[in-house]
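Novice:
Protein chains: 2
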Amino acid sequence: MSINHFSSTPESFWWTQPHLTMEPTPKPPQQHLLSPPNTHHHPATSFSLNLNHHHDDVDGEERENPTSLEVNKEPMFEKPLTPSDVGKLNRLVIPKQHAEKYFPLGGGDRTDSAGLLLSFEDESGKFWRFRYSYWTSSQSYVLTKGWSRYVKEKRLDAGDVVLFERHRGEGGRLFIGWRRRSSASAVDGGAMAGTVGWVGPGVLFCACLSCA
Amino acid sequence: MSINHFSSTPESFWWTQPHLTMEPTPKPPQQHLLSPPNTHHHPATSFSLNLNHHHDDVDGEERENPTSLEVNKEPMFEKPLTPSDVGKLNRLVIPKQHAEKYFPLGGGDRTDSAGLLLSFEDESGKFWRFRYSYWTSSQSYVLTKGWSRYVKEKRLDAGDVVLFERHRGEGGRLFIGWRRRSSASAVDGGAMAGTVGWVGPGVLFCACLSCA
DNA sequence: CTCGTGACCTGCGCG
DNA sequence: CCGCGCAGGTCACGA
Numbered sequence: 001m002s003i004n005h006f007s008s009t010p011e012s013f014w015w016t017q018p019h020l021t022m023e024p025t026p027k028p029p030q031q032h033l034l035s036p037p038n039t040h041h042h043p044a045t046s047f048s049l050n051l052n053h054h055h056d057d058v059d060g061e062e063r064e065n066p067t068s069l070e071v072n073k074e075p076m077f078e079k080p081l082t083p084s085d086v087g088k089l090n091r092l093v094i095p096k097q098h099a100e101k102y103f104p105l106g107g108g109d110r111t112d113s114a115g116l117l118l119s120f121e122d123e124s125g126k127f128w129r130f131r132y133s134y135w136t137s138s139q140s141y142v143l144t145k146g147w148s149r150y151v152k153e154k155r156l157d158a159g160d161v162v163l164f165e166r167h168r169g170e171g172g173r174l175f176i177g178w179r180r181r182s183s184a185s186a187v188d189g190g191a192m193a194g195t196v197g198w199v200g201p202g203v204l205f206c207a208c209l210s211c212a
Numbered sequence: 001m002s003i004n005h006f007s008s009t010p011e012s013f014w015w016t017q018p019h020l021t022m023e024p025t026p027k028p029p030q031q032h033l034l035s036p037p038n039t040h041h042h043p044a045t046s047f048s049l050n051l052n053h054h055h056d057d058v059d060g061e062e063r064e065n066p067t068s069l070e071v072n073k074e075p076m077f078e079k080p081l082t083p084s085d086v087g088k089l090n091r092l093v094i095p096k097q098h099a100e101k102y103f104p105l106g107g108g109d110r111t112d113s114a115g116l117l118l119s120f121e122d123e124s125g126k127f128w129r130f131r132y133s134y135w136t137s138s139q140s141y142v143l144t145k146g147w148s149r150y151v152k153e154k155r156l157d158a159g160d161v162v163l164f165e166r167h168r169g170e171g172g173r174l175f176i177g178w179r180r181r182s183s184a185s186a187v188d189g190g191a192m193a194g195t196v197g198w199v200g201p202g203v204l205f206c207a208c209l210s211c212a
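Chains H and R, in that order, give the protein sequences.
For the first sequence, position 78 (counting from the first letter as 1) is numbered 78 according to UniProt numbering, and the numbering increases by one without interruption.
For the second sequence, position 82 (counting from the first letter as 1) is numbered 82 according to UniProt numbering, and the numbering increases by one without interruption.
#1: Which residues mark the beginning and the end of the beta strand (DSSP E) in which residue 73(H) is found?
#2: For residue 85(H), which residues from the same chain have a beta carbon less than 7 Å from its beta carbon, with the 5 sequence-adjacent residues on both sides left out?
#3: Pick out whichever of 152(R), 153(R), 130(R) and 151(R) has its Cα sitting closest to the Cα of residue 142(R).
#4: Quick one: any contact between the stretch 71-84 of chain H and the stretch 145-159 of chain H, if contact means 3 or more CB pairs under 8 Å?
#5: To the nearest angstrom, how far is it from the Cα of residue 74(R) to the Cα of residue 168(R)?
#6: Which value, in whole angstroms, describes the spacing of the CA atoms of residue 88(H) and residue 137(H)?
#7: With DSSP run on the structure shown, which of helix, strand or coil describes residue 170(H)?
#8: Helix or strand or just coil, what does DSSP make of residue 100(R)?
#9: In terms of alpha-carbon separation, which member of 166(R), 171(R) and 96(R) lies closest to residue 71(R)?
#10: Bridge partners for residue 135(H) per DSSP, in chain order?
#11: So the candidates are 150(R), 99(R) and 126(R); which of them puts its Cα closest to the Cα of residue 116(R)?
#12: Please report the straight-line C-alpha distance between residue 284(H) and residue 134(H), rounded to a whole angstrom.
#13: Closest by CA to residue 180(R), which one among 174(R), 163(R) and 104(R)?
#14: With burial defined as no fewer than 16 other Cβ atoms inside 10 Å of the residue's Cβ, what is the status of residue 127(H): buried or exposed?
#15: Measure the C-alpha to C-alpha separation of residue 177(H) and residue 122(H) and round it to an integer number of angstroms.
#16: In whole angstroms, what is the alpha-carbon distance linking residue 103(R) and residue 77(R)?
#17: Look at the Cβ atom of residue 174(R), then the Cβ atom of residue 105(R), and state whether they are nearer than 9 Å.
#18: Please state whether DSSP places residue 129(H) in a helix, a strand or coil.
#19: On the three-state DSSP scale, how would you describe residue 124(H)?
#20: Are the CB atoms of residue 96(R) and residue 140(R) within a distance shorter than 9 Å?
#21: Near residue 79(H), which residues of its chain fall below 6 Å by C-beta distance, leaving aside the five closest residues on each side in sequence?
#22: Give me, in chain order, the residues of the same chain whose beta-carbon lies closer than 7 Å to that of residue 90(R); leave out the 5 immediate sequence neighbours on both sides.
#23: Could you tell me the distance, in whole angstroms, from the CA atom of residue 132(R) to the CA atom of residue 120(R)?
#24: Residues in the same chain with beta-carbon distance under 6 Å from residue 151(H), minus the five sequence neighbours each way, listed in chain order, please.
#25: Per the DSSP calculation, residue 116(H) is bridged to which residue(s)?
#26: Can you tell me the Cα-Cα spacing of residue 153(H) and residue 153(R), whole angstroms?
#27: List the endpoints of the continuous beta strand (DSSP E) containing residue 92(R).
#28: Can you tell me where the alpha helix (DSSP H) with residue 149(H) in it begins and where it stops?
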């Protein structure tokens with residue numbers, strides 16, 4: 001495998017790219033995250049993470065134009081995909097540090113693998129709902145159900161990177177994006193190098209991405 | 001690896017004695033068999049489950065001296081290890097006849113792979129907890145979790161034999177032991193031939209075990 | 001039946 | 001150098 005030098009080339013840009021208007025989902029209580037420990041499924045109700053509290057005043061202004069919308073996005077983390085993440089295991093391991101920081105499981109004790117459903121918006125505004133849980137056996141946090149469909153639709157391969165963001169305010173909407181492995185040496189042909197799925201479907205950002 | 005002529009007839013029916021105790025997996029909900037709810041991490045330390053039930057009457061008497069202790073042990077069966085049993089599959093297949101006789105899975109229906117945890121004491125008094133379950137796919141009973149650690153610690157190799165015993169009374173304590181393959185032709189040097197791990201560290205009991 | 005996927009488990013590599 | 005994180009597996013079950 002030749003992955004592994006994902007660089008670290010920081011992409012300092014993807015979240016700041018212009019454009020975009022995602023439909024503000026009408027429903028206010030955007031619950032993606034999860035239901036409190038006991039409600040299984042359909043998180044529909046509250047939850048309590050801490051990202052959504054205060055409704056940011058500054059919000060309603062002209063800042064609501066695309067640009068500012070981007071500005072309001074806050075990158076959480078990204079992960080270069082391992083072969084297992086895109087293989088038949090149908091799961092994405094979320095590095096513990098990030099999982100515990102951004103997607104804390106209910107009640108502060110993670111013993112419960114009841115699972116939550118997290119909904120993310122992709123670059124086209126499409127929603128992706130993933131089951132999120134903690135596996136005590138392997139002591140790791142994973143996205144399971146729904147993940148393989150995402151991998152398939154986006155044609156993700158090992159070495160590609162997935163990006164996780166959240167919106168400041170607005171109930172903490174969550175976003176997911178991806179980009180092709182940065183280095184050359186594409187395993188399957190490489191034609192796609194530089195493609196990203198972030199600010200809009202099919203948008204190429206080669207220059208920005210490979211240079212920078 | 002050239003073993004494989006395990007005489008399939010080592011056991012000449014050991015005593016029949018019903019009874020047996022295995023601890024049913026602690027929680028039905030079945031996730032995490034280890035770690036009781038709150039303790040996360042390090043499963044190894046946390047048991048305390050089964051042996052604490054009732055402290056059985058017979059216990060405190062003179063019967064507790066080594067000799068009578070041995071007398072009260074009842075051999076269940078033994079199995080010459082196959083290459084798979086000691087390989088990376090991390091499981092020990094328990095011959096169906098013995099499994100069903102001594103470790104019947106709950107409720108009489110074995111469809112349920114919920115699994116049990118069986119705790120065995122070894123020759124040094126150390127406890128080994130193995131997950132025991134039925135694999136429908138291979139139609140066999142197996143010890144999985146924990147098994148590979150046992151193989152490693154005891155340095156077991158194909159052809160070596162594992163022994164299973166239980167104590168009469170006392171809630172049916174379970175014991176596990178082993179001995180090196182009896183025939184010569186040791187694969188790795190043979191210096192250990194004849195060694196057993198059974199009644200005490202380093203004690204040899206070859207005569208008793210192989211005859212009888 | 002197969003496929004998807006939830007639930008297990010463990011070796012190994014890295015910090 | 002050792003413990004944890006996680007990559008890479010297996011198996012079972014429901015659709």
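Each residue gets a CB set at the ideal place from its N, CA and C atoms; glycine is no exception.
Specialist: In short:
#1: 73-80
#2: 92 and 93
#3: 130(R)
#4: yes
#5: 7 Å
#6: 19 Å
#7: coil
#8: helix
#9: 166(R)
#10: 140(H)
#11: 99(R)
#12: Shown here, chain H extends from 1 to 212; a query on residue 284(H) therefore has no answer.
#13: 163(R)
#14: exposed
#15: 6 Å
#16: 11 Å
#17: no
#18: strand
#19: coil
#20: yes
#21: 162
#22: 144, 147 and 148
#23: 12 Å
#24: 86
#25: 132(H)
#26: 47 Å
#27: 92-94
#28: 147-154
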